[in-house]
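Enquirer: Just dropping this structure here.
Numbering (my numbering), first residue to last: 14 to 128.
In structure tokens:
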């Protein structure tokens, strides 16, 4: 695990990268102490399949640039939901309907929201 300040800085950089690509309703959840899955969830919405690919590329570039390699990627072919697993950071990208359906912010309601 990386030092928490370095990891949080990388997550904030990835969040900024998603914002630059006009990701919708970007949320960072701190799930440390709540789950062993990861330390942070980064959640964003996409308006189209092309935007979802652009968001995935932007998040990957931002995190890899900071020394956090991607371990796994799935869902890009469906373009309504994608998961990018960076170990301590998991990026979730959704279209509007899928985001409402999965409701990760609600499911992980005990998590601290990072501004």
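Ideal Cβ positions, reconstructed from N, Cα and C, are used throughout, including at glycine.
This structure is a prediction, so every number in the text was calculated from the model and none was measured.
Can you tell which of 68, 82, 101 has the C-alpha that lies nearest to the C-alpha of residue 18?
Expert: For the purposes of this step, residue 18 is taken as the residue at position 5 of the chain shown. From the listed residues 68, 82, 101, the smallest Cα separation to residue 18 is found for 101.
Enquirer: Where does the unbroken beta strand (DSSP E) through residue 1 begin, and where does it stop?
Expert: The structure shown does not extend to residue 1, since the chain is modelled only from 14 through 128, so no value can be given for it.
Enquirer: Report the rounded CA-to-CA distance for residue 119 versus residue 46, giving the unit in angstroms.
Expert: Taking the first residue of the chain shown as 1, we reach residue 119 at position 106. Taking the first residue of the chain shown as 1, we reach residue 46 at position 33. About 17 Å.
Enquirer: So residue 121 and residue 44 are in contact, right, with Cβ under 8 Å, and what is the actual spacing, rounded?
Expert: Numbered from its first residue, the chain shown carries residue 121 at position 108. Numbered from its first residue, the chain shown carries residue 44 at position 31. Between residue 44 and residue 121 the Cβ distance is about 6 Å, and since that is below 8 Å, they are a contact.
Enquirer: Within 10 angstroms of the Cβ of residue 52, are there 16 or more other Cβ atoms? Answer buried if so, exposed if not.
Expert: Here residue 52 refers to the residue found at position 39 of the chain shown. Buried.
Enquirer: Let me know if residue 111 comes out buried or exposed under the rule of 16 or more other beta-carbons within 10 Å of its beta-carbon.
Expert: As a working mapping, residue 111 is identified with position 98 in the chain shown. For residue 111, the number of other beta carbons within 10 angstroms of its own is at least 16, and it is reported as buried.
Enquirer: Have a look at 48, 104, 123 and flag the residue whose alpha-carbon is nearest the alpha-carbon of residue 89.
Expert: Taking the first residue of the chain shown as position 1, residue 89 is located at position 76. Checked all of 48, 104, 123; the closest Cα to residue 89 is 104.
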